[in-house]
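What follows is a single structure, written as structure tokens, with notes after it.
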Amino acid sequence: MLHIDHVSFSYKDGIDVLENINLKVSKGEHISIIGESGCGKSTLLKIIYGLLHIEVGEVYWDETQILGPQYNLVPGESFMKYLSQDFDLMPFTSVEANISEYLSVFRPEKLKARTEELLELIEMTGFAKTKVRYLSGGQQQRVALARVLAQKPQVLLLDEPFSHIDNFRKNSLRRNLFGYLRRQKITVLTATHDPMDMLPFADRVIVIKDRFIIAKDTPKNLYEHPKDLYIASLFGEANKIPISIIKSYADTKRRIIVYANEFKVSEKSGLEVVVKGSFYMGGHYMIGGIYEGHDIHFNHHEPLEVGKVIFLNISIETINQRMADS
Numbered sequence: 042m043l044h045i046d047h048v049s050f051s052y053k054d055g056i057d058v059l060e061n062i063n064l065k066v067s068k069g070e071h072i073s074i075i076g077e078s079g080c081g082k083s084t085l086l087k088i089i090y091g092l093l094h095i096e097v098g099e100v101y102w103d104e105t106q107i108l109g110p111q112y113n114l115v116p117g118e119s120f121m122k123y124l125s126q127d128f129d130l131m132p133f134t135s136v137e138a139n140i141s142e143y144l145s146v147f148r149p150e151k152l153k154a155r156t157e158e159l160l161e162l163i164e165m166t167g168f169a170k171t172k173v174r175y176l177s178g179g180q181q182q183r184v185a186l187a188r189v190l191a192q193k194p195q196v197l198l199l200d201e202p203f204s205h206i207d208n209f210r211k212n213s214l215r216r217n218l219f220g221y222l223r224r225q226k227i228t229v230l231t232a233t234h235d236p237m238d239m240l241p242f243a244d245r246v247i248v249i250k251d252r253f254i255i256a257k258d259t260p261k262n263l264y265e266h267p268k269d270l271y272i273a274s275l276f277g278e279a280n281k282i283p284i285s286i287i288k289s290y291a292d293t294k295r296r297i298i299v300y301a302n303e304f305k306v307s308e309k310s311g312l313e314v315v316v317k318g319s320f321y322m323g324g325h326y327m328i329g330g331i332y333e334g335h336d337i338h339f340n341h342h343e344p345l346e347v348g349k350v351i352f353l354n355i356s357i358e359t360i361n362q363r364m365a366d367s
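Heads up: the sequence shown begins at 42 in the numbering used here, then just goes up one per residue.
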């Protein structure tokens with residue numbers, strides 16, 4: 042088990058980045074760490090790996106304490122690997138050489154099979170002989186991923202692992218990677234901005250804001266029952282609506298969170314909205330509008346004319362659920 046016990050951290054400028062972080066991660070569990078840029082996601086991964094020295098708190102993997110650079114000349118433990126946003130690759134050697142660097146040369150057949158397995162996993166079999174310097178940023182990120190997997194870590198720390206990879210390749214690569222990690226029972230912590238990295242694949246999601254962990258739950262529970270707009274907005278476009286607009290008899294101080302996809306457009310009754318603009322999103326349009334001086338965003342199957350007055354409705358099930366959550 043990975044145990045992060047009352048960890049706090051600040052950089053030399055004295056600004057606190059993380060405060061009183063407590064987390065237990067079971068072996069084989071997949072954790073996603075989310076939050077706005079600068080909230081401390083990457084810092085937490087670096088602390089877990091031993092790249093940063095902490096004066097408050099402790100980090101353990103089972104009985105082994107993870108110590109920082111003041112104790113270890115070479116940071117990191119052999120059973121743990123960290124894939125940062127900076128790729129640690131050998132640019133003048135081939136893709137397969139980069140992947141197989143840490144594999145034993147005394148068992149060439151096993152080395153070859155393992156390298157081919159990882160090339161297939163990252164969908165780069167055709168680039169095996171290509172020198173890394175000639176690859177795109179996204180391709181290099183995939184090679185870096187295979188390189189750390191080649192070492193069969195017990196714990197894998199991923200910092201925005203698909204940030205340089207195009208959508209054409211990203212979806213299949215996610216399925217390949219997270220399926221592989223689960224089969225291998227590798228413990229994974231992924232810092233990410235992309236809800237598609239966590240919603241289908243994470244066992245639990247950790248939300249960080251203003252130095253603290255503010256929520257821990259399954260991705261489904263966090264998405265369906267967000268306790269505030271900050272959490273909801275990390276999953277997609279969301280709005281905070283006064284209940285009094287929906288139910289005139291309700292407490293005027295209470296508000297509920299409604300995702301853009303949860304609104305239904307009507308021309309007769311509901312929340313009165315003036316359309317500001319339409320944005321094509323592929324399978325739908327994101328519509329921006331104004332209701333009673335407030336911005337609102339909702340999905341619709343076609344664009345709407347700027348200045349048009351429409352009405353928005355929310356299902357009674359959504360209203361009741363969010364009222365219970367608020």
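Cβ coordinates follow ideal geometry from the N, Cα and C atoms, glycine included.
Everything numeric in this text was worked out from a predicted model, so none of it was measured.
DSSP three-state call for residue i: helix, strand or coil?
{"i": "arginine 295", "result": "coil"}
{"i": "phenylalanine 219", "result": "helix"}
{"i": "serine 307", "result": "strand"}
{"i": "methionine 327", "result": "strand"}
{"i": "leucine 114", "result": "coil"}
{"i": "phenylalanine 320", "result": "strand"}
{"i": "glutamine 106", "result": "strand"}
{"i": "alanine 169", "result": "coil"}
{"i": "lysine 250", "result": "strand"}
{"i": "proline 132", "result": "coil"}
So is residue i buried or exposed if we call it buried at 16+ other beta carbons inside 10 Å?
{"i": "alanine 185", "result": "buried"}
{"i": "histidine 71", "result": "buried"}
Leaving aside the five residues before and after residue i along the sequence, list all residues of the same chain whose C-beta is less than 6 Å from its C-beta, in chain order.
{"i": "phenylalanine 203", "result": "Lys211"}
{"i": "tyrosine 123", "result": "Tyr90 and Leu198"}
{"i": "glycine 178", "result": "His205"}
{"i": "phenylalanine 276", "result": "Pro236 and Tyr264"}
Would you report the Cα separation of residue i and residue j, rounded to the nearest angstrom?
{"i": "glycine 323", "j": "leucine 345", "result": "15 Å"}
{"i": "methionine 42", "j": "isoleucine 282", "result": "41 Å"}
{"i": "serine 67", "j": "glutamate 343", "result": "46 Å"}
{"i": "lysine 268", "j": "valine 189", "result": "36 Å"}
{"i": "glutamate 157", "j": "valine 136", "result": "11 Å"}
{"i": "leucine 152", "j": "alanine 169", "result": "14 Å"}
{"i": "valine 350", "j": "isoleucine 328", "result": "12 Å"}
{"i": "lysine 53", "j": "serine 310", "result": "57 Å"}
{"i": "lysine 87", "j": "asparagine 63", "result": "15 Å"}
{"i": "glutamine 225", "j": "asparagine 280", "result": "40 Å"}
{"i": "aspartate 207", "j": "alanine 138", "result": "24 Å"}
{"i": "glutamine 181", "j": "histidine 44", "result": "32 Å"}
Excluding the 5 residues preceding and the 5 following residue i in the sequence, name in chain order all residues of the same chain whose CB lies nearer than 7 Å to its CB.
{"i": "glycine 348", "result": "Val315 and Val316"}
Output needed for residue i: all residues of its chain with C-beta closer than 8 Å, excluding positions within five of it in sequence on either side, in chain order.
{"i": "alanine 256", "result": "Val246, Ile247, Val248, Leu263, Lys268 and Ile272"}
{"i": "aspartate 244", "result": "Glu70, His71, Ile72 and Thr259"}
For the stretch 75-85 and the stretch 112-124, state whether three or more C-beta atom pairs, one from each stretch, are separated by less than 8 Å.
-> no
Count the CB pairs spanning the stretch 172-181 and the stretch 128-142 that are closer than 8 Å, and state whether there are at least three.
-> yes
Please determine if the stretch 137-147 and the stretch 103-111 are in contact, where contact requires at least 3 C-beta pairs separated by less than 8 Å.
-> no
Would you say the stretch 294-308 touches the stretch 324-341, given that touching needs at least three Cβ pairs under 8 Å?
-> yes
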